[in-house]
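Visitor: Just so you know, the protein sequences line up as chains A and B, in that order.
First residue of the first sequence: 0, per numbering that gives the first Met the number 0; consecutive thereafter.
First residue of the second sequence: 0, per numbering that gives the first Met the number 0; consecutive thereafter.
Ideal Cβ placement from N, Cα and C applies to all residues, glycine included.
For clarity, every value in this text was computed on a predicted model and none was experimentally measured.
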Amino acid sequence: MNAAADLVFIPASEQAALIRARKLSPVELTDAYLARIEALNPKLNAFITVTADRARADARAAEQAITNGQYRGPLHGIPYAPKDILATRGIRTTNGSKVTADWVPEFESTITERLAAAGAVLVGKLNLLEFAMGSGVVSGFGPARNPWDPARTPSGSSSGSGAALAAHMVPLSIGTDTGGSIRGPASFCGIVGLKQTYGRVSRYGVTTLAWTLDHAGPMTRTVADAAAMLQVIAGADPRDLTCTADPVPQYAERLTRDLRGVRVGVPRRHFTEDAHPEVERAYQAALSTMKDLGASLVDVDVPHAVYATSAGWVVAMAEAAQFHEKRLRETPELFDPIVRERLDAARFYPATDYIKALRIRSVLMDEMAAVLKSADVMVVPANGSLPGVLEAPEVAGTDVKPGSKPTAYRGGNTFLGNMTGLPALVLPCGFSAGPPRLPIGLQIYGRAFDEATVLRVGHAYEQASPWHREKPLV
Amino acid sequence: MATPSDQTISRRAILQILAALGFTGAAAERLAATAAPTVSPDSLRGAASLLSGGFDDQRLRVAQAAVQRNLDQLQAVRDLELPDAVEPAPAFQVRRS
């Protein structure tokens with residue numbers, strides 16, 4: 000492999016240092032990623048749209064500005080690609096759906112606007128599950144595939160973001176997360192995903208799934224890169240009334256290599272029930288590493304955690320059914336069958352169930368507030384399972400799987416973050432023995448608007464572990 | 000004539016019986032989940048007539064299967080007893096001008 004191609008394996012923070020020192024050209028870097036996208040996208044289907052011409056033009060502009068002494072910061076000249084659910088002015092924004100396959104927005108999302116202002120170079124738009132809630136198999140653009148085993152799912156709904164980062168097709172991405180759609184792909188693809196506090200980052204220009212649960216946040220290869228991205232996209236936005244004016248700290252300054260003085264909350268029930276044995280082993284090993292780094296482990300309990308996903312599902316689907324009501328009435332045949340099934344079913348949810356789910360949300364918020372009084376963070380597995388094989392279309396098109404049984408409790412460790420709005424970071428903490436070797440993710444929950452501590456804990460663990468340096472064979 | 004839902008013992012009643020026998024928590028909840036009522040296409044057709052927008056027979060069949068599948072989950076949410084003081088999470092905020 001030649002030196003230009005090797006550029007894609009360097010973390011964005013190191014690429015940025017080279018660019019700032021004028022030892023690396025943004026044009027050369029962008030070309031290296033575009034070549035890799037061209038080589039791998041037919042196999043992984045991570046990108047829906049590649050904006051090569053615009054990317055090269057933006058990279059040339061970045062290079063010129065830096066040469067002129069106008070360096071804008073650690074994202075200047077660094078390629079990135081958002082999930083194709085963020086509106087980009089003049090660039091097709093499909094939402095992963097045939098329903099909006101030809102939509103070309105006349106406005107720009109706040110996130111992509113801020114990334115452009117920071118000098119980041121948009122190289123394309125990434126695949127996703129339809130409207131962030133479909134199968135990804137029979138929806139608009141087919142499934143993105145997991146670089147660790149292309150027969151397997153990268154998880155969703157930010158499937159293309161997870162796949163593209165794991166395969167080094169892009170160093171930075173933006174995903175969205177309504178029940179775990181940043182953190183699921185981060186776990187299954189062995190990369191970093193941050194769902195920051197609700198209100199920390201503007202959702203203006205991000206197509207809605209569920210108003211009260213939606214977040215859009217960084218997906219990267221390292222925790223330091225996630226911190227750099229959050230630094231740029233965080234902060235008040237009058238176009239999103241949920242976006243707060245809380246001060247945005249300097250995240251990079253808070254990253255340390257030790258965890259002295261940090262209290263790590265460890266729940267002894269709910270979060271590891273039914274977990275794959277290799278997930279459990281990796282989780283326990285990660286806790287041990289954190290202890291070695293100086294953290295103290297404290298027992299915590301979230302008594303109603305088992306309700307987070309079931310109640311969250313009611314909230315998400317009820318809000319989504321309302322958001323899509325007109326499209327569902329006018330063009331039902333264009334929807335992914337599983338999206339239509341879920342939205343149709345949600346129209347029969349009584350309003351009282353929705354309100355009850357919101358009351359459960361209050362309970363969960365109180366319980367997590369109590370947890371985060373006795374601990375600075377709470378650490379749990381990102382996901383109890385390993386990436387599964389991509390389903391066949393006839394199976395992927397419905398939740399009513401042949402032979403499967405309904406359950407009162409939808410599993411999962413991520414919906415708690417959306418129901419409480421608290422920040423949660425996922426990063427790799429191991430691999431299954433294989434073959435195939437598949438990534439395992441760790442999840443760090445923190446206090447509201449305290450992403451700095453969450454990032455600190457994640458960074459210290461990452462630097463003490465080898466997992467983020469692993470590369471898939473694609 | 001009794002309908003299937005009339006014949007089904009309620010989930011809440013099962014939970015109370017299990018609690019009296021000393022079974023509580025998630026295991027009892029899972030056991031009680033077997034007491035979910037049955038949704039018929041006709042009952043859903045009646046409900047659909049109250050909603051705007053039409054459901055043809057095919058969509059109604061798919062929705063019926065999905066609603067049936069979700070009932071256990073909805074019932075778990077319904078069965079959780081909460082103190083009256085617990086308010087819904089998103090607070091209504093008066094817009095200042």
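So, using beta-carbon positions, are residue 424 of chain A and residue 453 of chain A closer together than 8 Å?
Guide: Taking 8 Å as the Cβ cut-off, residue 424 of chain A and residue 453 of chain A qualify as a contacting pair.
Visitor: Answer yes or no: does any C-beta atom of chain B fall closer than 8 Å to that of residue 97 of chain A?
Guide: No, residue 97 of chain A lies away from the interface with chain B (no Cβ there is under 8 Å from its Cβ).
Visitor: Reducing DSSP to helix, strand and coil, say where residue 42 of chain B ends up.
Guide: The answer is helix: DSSP assigns residue 42 of chain B an H, G or I state.
Visitor: Could you tell me whether the Cβ of residue 151 of chain A comes closer than 8 Å to any Cβ of chain B?
Guide: No, no contact with chain B.
Visitor: From the DSSP output, which residues share a beta bridge with residue 124 of chain A?
Guide: According to DSSP, which records beta bridges pairwise, residue 124 of chain A is partnered with A:48.
Visitor: Using a Cβ cut-off of 7 Å, pull out every chain B residue sitting near residue 312 of chain A, in sequence order please.
Guide: Ordered by position in chain B, the residues that pass the 7 Å Cβ test against residue 312 of chain A are 72.
Visitor: Would you verify that the beta carbon of residue 176 of chain A is, or is not, closer than 8 Å to some beta carbon of chain B?
Guide: So no, residue 176 of chain A is outside the interface.
Visitor: Residues in the same chain with beta-carbon distance under 8 Å from residue 8 of chain A, minus the five sequence neighbours each way, listed in chain order, please.
Guide: The residues are 167, 470.
Visitor: At which residues does the beta strand (DSSP E) containing residue 242 of chain A begin and terminate?
Guide: Counting along the chain, residue 242 of chain A falls outside any beta strand (DSSP E), and DSSP gives it neither H nor E.
Visitor: Can you pull the DSSP bridge partners for residue 301 of chain A?
Guide: Paired residues: none, contrary to the question.
Visitor: In whole angstroms, what separates the C-alpha of residue 278 of chain A from that of residue 191 of chain A?
Guide: Near 17 Å, if we compare the C-alpha coordinates of residue 191 of chain A and residue 278 of chain A.
Visitor: For residue 126 of chain A versus residue 187 of chain A, is the C-beta distance shorter than 8 Å?
Guide: Result no, Cβ atoms of residue 126 of chain A and residue 187 of chain A do not sit closer than 8 Å.
Visitor: Verify the CB distance criterion: does residue 40 of chain B have a CB-CB separation below 8 Å to chain A?
Guide: No, its Cβ sits nowhere closer than 8 Å to a Cβ of chain A.
Visitor: Along chain B, which residues have their Cβ under 8 Å away from the Cβ of residue 358 of chain A?
Guide: Under the 8 Å cutoff, chain B gives 81, 85, 86, 87, 88.
Visitor: For residue 207 of chain A and residue 21 of chain B, I'd like the C-alpha separation in whole angstroms.
Guide: Between residue 207 of chain A and residue 21 of chain B, the C-alpha separation is close to 45 Å.
Visitor: With a cut-off of 8 Å, does the C-beta of residue 93 of chain B fall near any C-beta of chain A?
Guide: So no, residue 93 of chain B is outside the interface.
Visitor: Shortest alpha-carbon distance to residue 248 of chain A belongs to which of A:241, A:258, A:226?
Guide: It is A:226.
Visitor: Does the beta carbon of residue 367 of chain A sit closer than 8 Å to a beta carbon anywhere in chain B?
Guide: No, because no Cβ of chain B sits closer than 8 Å to the Cβ of residue 367 of chain A.
Visitor: Within the continuous beta strand (DSSP E) that includes residue 194 of chain A, where are the two ends?
Guide: Counting along the chain, the beta strand (DSSP E) containing residue 194 of chain A begins and ends at 191-194.
Visitor: Thinking C-beta only, is residue 88 of chain B closer than 8 Å to residue 360 of chain A?
Guide: Result yes, Cβ atoms of residue 360 of chain A and residue 88 of chain B sit closer than 8 Å.
Visitor: Specify whether the stretch 336-352 of chain A and the stretch 387-398 of chain A touch according to this definition: at least 3 beta carbon pairs, one from each stretch, less than 8 Å apart.
Guide: Yes, the stretch 336-352 of chain A touches the stretch 387-398 of chain A.
Visitor: Would you decide whether residue 38 of chain B is buried or exposed? Buried here means 16 or more other CB atoms lie within 10 Å of its CB.
Guide: It counts as buried.
Visitor: Sort A:116, A:121, A:39, A:99 by Cα distance to residue 64 of chain A and report the nearest one.
Guide: Looking at the Cα atoms, A:116 is the closest of the given residues.
Visitor: For residue 77 of chain A, collect the residues of the same chain with a Cβ closer than 7 Å to its Cβ; drop the 5 residues on either side in sequence, then sort them by chain order.
Guide: Contacts found: 11, 14, 15, 119, 120, 170, 171.
Visitor: Whose C-alpha, out of B:92, B:95, B:77, B:45, is nearest the C-alpha of residue 354 of chain A?
Guide: When each option's Cα is compared against that of residue 354 of chain A, the closest is B:77.
Visitor: Please list the segments of the beta strand (DSSP E) lying wholly inside the stretch 167-215 of chain A, counting only runs of 3 or more residues, in order along the chain.
Guide: As far as the stretch 167-215 of chain A is concerned, its whole beta strand (DSSP E) runs of at least 3 residues are 171-176, 191-194.
Visitor: Would you give the residue range spanned by the beta strand (DSSP E) that residue 317 of chain A belongs to?
Guide: Element bounds for residue 317 of chain A: not the beta strand (DSSP E) but the alpha helix (DSSP H), 307-322.
Visitor: At 3 residues or longer, and completely inside the stretch 42-98 of chain A: list those beta strand (DSSP E) runs for me, N to C.
Guide: Fully enclosed beta strand (DSSP E) runs of 3 or longer: 46-49, 78-81.
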